[in-house]
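Note sheet for the following structure.
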Amino acid sequence: MKFKVSDRIAAIKPYEAGKPLKAIEREYNIKKAVKLASNENPIGFSPKVTDAVLAHINEMNRYPEPGAHDLNRAIAGKLNVNPGNIVIGNGSDDIIALLAHAYLNPGDEALMPLPSFLMYEISVRTAKGAPVMVPLDDFTTNLDGLLEKITPATRLIFITNPFNPTGAVITHDAFHRFVSKVPDDVIIVVDEAYIEFVRDDSVYNSMTDPLADRRVVTLRTFSKAYGLAGFRVGYGIMDPEIAEILNRIRQPFNVNGLAQVAALAAIQDQDFLNKSIRTTHQAVDYLTGELEKMGFFVLPTQANFMMFDVRTDAKQVFEKMLEQGVIVRSMQSYGFHTFLRVNTGTMDENQRFLSVLKRTLNL
Ligand SMILES: Cc1ncc(COP(=O)(O)O)c(C=O)c1O
1486 MKFKVSDRIA AIKPYEAGKP LKAIEREYNI KKAVKLASNE NPIGFSPKVT
1536 DAVLAHINEM NRYPEPGAHD LNRAIAGKLN VNPGNIVIGN GSDDIIALLA
1586 HAYLNPGDEA LMPLPSFLMY EISVRTAKGA PVMVPLDDFT TNLDGLLEKI
1636 TPATRLIFIT NPFNPTGAVI THDAFHRFVS KVPDDVIIVV DEAYIEFVRD
1686 DSVYNSMTDP LADRRVVTLR TFSKAYGLAG FRVGYGIMDP EIAEILNRIR
1736 QPFNVNGLAQ VAALAAIQDQ DFLNKSIRTT HQAVDYLTGE LEKMGFFVLP
1786 TQANFMMFDV RTDAKQVFEK MLEQGVIVRS MQSYGFHTFL RVNTGTMDEN
1836 QRFLSVLKRT LNL
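Laid out in structure tokens, this is it:
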């Protein structure tokens, strides 16, 4: 029997996640593979997270706090906003989906760069909206191109700062110019998944004034700088009117109990966060320098990953590196046929990546 999938769902390309380590080790019969494909944090997370999770484990027969009360207060306190401005999700993926479901009627348009983080398109299509994609301009978000595509049907605009997968950024000035030209009834979602890694002061960062404009919803995550990708915690900072709507439609227990205590412990450990950011910067500088010494064009990045041009079929290079236990991302499905994306690892992982790359390309 062939079940009839709705046309809009059938049109969705499956999300291509970075392959999990265990799957690679199984498939290729290798031990100790290195995964530098999902922009995760190689140094792990704060030891305070471990203590908090272990202390909470015996309470896991209970449902968690529906609004992640303590975590909500901790985030609000850190950002100097009200608890009613924060909605916490099962990863920021969850908030992206909630926004699409809450604000798109069938056929309503959501603008986004092309390529973009795939969950924007998937969530918009699932919510019966119409994604409108605007190609990048020289690897950066084409803000003028996005403005040109605004119509009376536009409800949402997704922008990512720093941008995944290129690592490019939007400056304060460019962001404010952009926002001033967006109609009042359009929500601008600024995904700041990698904002903690930014070193350039001219880059727009919602932290300075997250609620300055009612139309701007900022997304943040514990998956990257805090190293909690496996726990699944992200959040949005937004006008209370929008937060109230998202809270109405989210699953009541969308953030599990261990995730709540893990994120709470993580946000309270500024020393670990500083170390995580410092280590990432060192690794970005090291990898960029080594790749450039090998003669590759490396895109400048403000995130924990970088794209570089191998000047040959990137998918084949990716496959050959996979067979040698190093997992990176081919950017072919994003339209960049000769580019790979790699994220920062530990020093050992970075060196292994570089030597496998050299061997693969006979350098
Ligand atoms: C731009 C961007 N937004 C959101 C996410 C998802 O974050 P989370 O783990 O909080 O769902 C990612 C993860 O890679 C990302 O690259």
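Just add 1485 to wherever you are in the sequence shown, counting from 1, and you've got the working numbering. Note that beta-carbon positions come from the ideal geometry of N, C-alpha and C, so glycine has one too.
Inset, instruction - Give me the Cα-Cα distance between S1665 and Y1679, rounded to the nearest whole angstrom. - result: 24 Å
Inset, instruction - For the segment 1805–1822 and the segment 1773–1788, state whether three or more C-beta atom pairs, one from each stretch, are separated by less than 8 Å. - result: no
Inset, instruction - Please go through the same chain and pick out, in chain order, the residues whose beta-carbon is closer than 7 Å to the beta-carbon of E1677, but skip the five residues on each side of it. - result: N1646, S1691, T1703, L1704, R1705
Legend entry - Burial state of R1610, where buried means 16 or more other Cβ atoms lie within 10 Å: buried
Legend entry - Cβ-heavy atom distance, T1645 to ligand 1, below 6 Å: yes
Inset, instruction - For the alpha helix (DSSP H) containing F1838, list its first residue and its last residue. - result: 1832–1845
Legend entry - Neighbourhood of F1824 by C-beta distance below 6 Å, restricted to the same chain and skipping five residues each side: M1792, D1794, A1799, M1816
Inset, instruction - Give the range of the beta strand (DSSP E) segment to which F1790 is assigned. - result: 1790–1794
Inset, instruction - Could you check what DSSP says for F1663 in three-state terms: helix, strand or coil? - result: helix
Inset, instruction - Compute every distance between the C-beta of A1678 and the non-hydrogen atoms of ligand 1, then say whether any falls below 6 Å. - result: yes
Legend entry - As assigned by DSSP and simplified to three states, the class of E1729: helix
Inset, instruction - With D1724 as the anchor, note down where its alpha helix (DSSP H) starts and where it stops. - result: No alpha helix (DSSP H) holds D1724; DSSP gives it neither H nor E.
Inset, instruction - Quick one: using the 10 Å Cβ neighbour count with 16 as the cut-off for buried, is I1727 buried or exposed? - result: buried
Legend entry - Bridge partner(s) assigned by DSSP for G1574: G1719
Inset, instruction - Would you check whether ligand 1 has a heavy atom nearer than 6 Å to the C-beta of G1576? - result: yes
Legend entry - Cutoff 8 Å; reference T1651; Cβ partners in own chain excluding five residues on either side: L1621, F1624, T1625, L1784, T1786, M1792
Legend entry - V1701 beta carbon less than 7 Å from that of V1718: no
Legend entry - Nearest residue (CA-CA) to A1638, options G1529, T1656, V1667, I1722: V1667
Legend entry - Straight-line gap, I1560 to G1552 (C-alpha atoms, nearest Å): 12 Å
Inset, instruction - Give the straight-line distance between the Cα atoms of A1508 and L1807, rounded to the nearest whole angstrom. - result: 11 Å
Inset, instruction - Check whether the Cβ of N1649 sits closer than 6 Å to any heavy atom of ligand 1, and report yes or no. - result: yes
Inset, instruction - Please indicate yes or no: does the CB of N1690 lie closer than 6 Å to some heavy atom of ligand 1? - result: no
Legend entry - Per DSSP, the bridge partner or partners of T1535: None; T1535 has no bridge partner.
Legend entry - Start and end residues, alpha helix (DSSP H) containing E1633: 1628–1633
Inset, instruction - To the nearest angstrom, report how far apart N1828 and N1557 are at their CA atoms. - result: 29 Å
Inset, instruction - Report yes if the C-beta distance between A1747 and V1538 is below 7 Å; otherwise report no. - result: yes
Inset, instruction - Pull up the distance between the alpha-carbon of A1595 and that of F1643, whole angstroms please. - result: 7 Å
Inset, instruction - Could you tell me if the beta carbon of T1706 falls within a distance shorter than 6 Å of some heavy atom in ligand 1? - result: yes
Inset, instruction - Report the residue ranges of all alpha helix (DSSP H) runs contained in full by the segment 1737–1803; include only those spanning at least 4 residues, in chain order. - result: 1742–1752, 1755–1778
Legend entry - Same chain, Cβ closer than 6 Å to V1519, five either side skipped, listed in chain order: V1811, E1834, R1837
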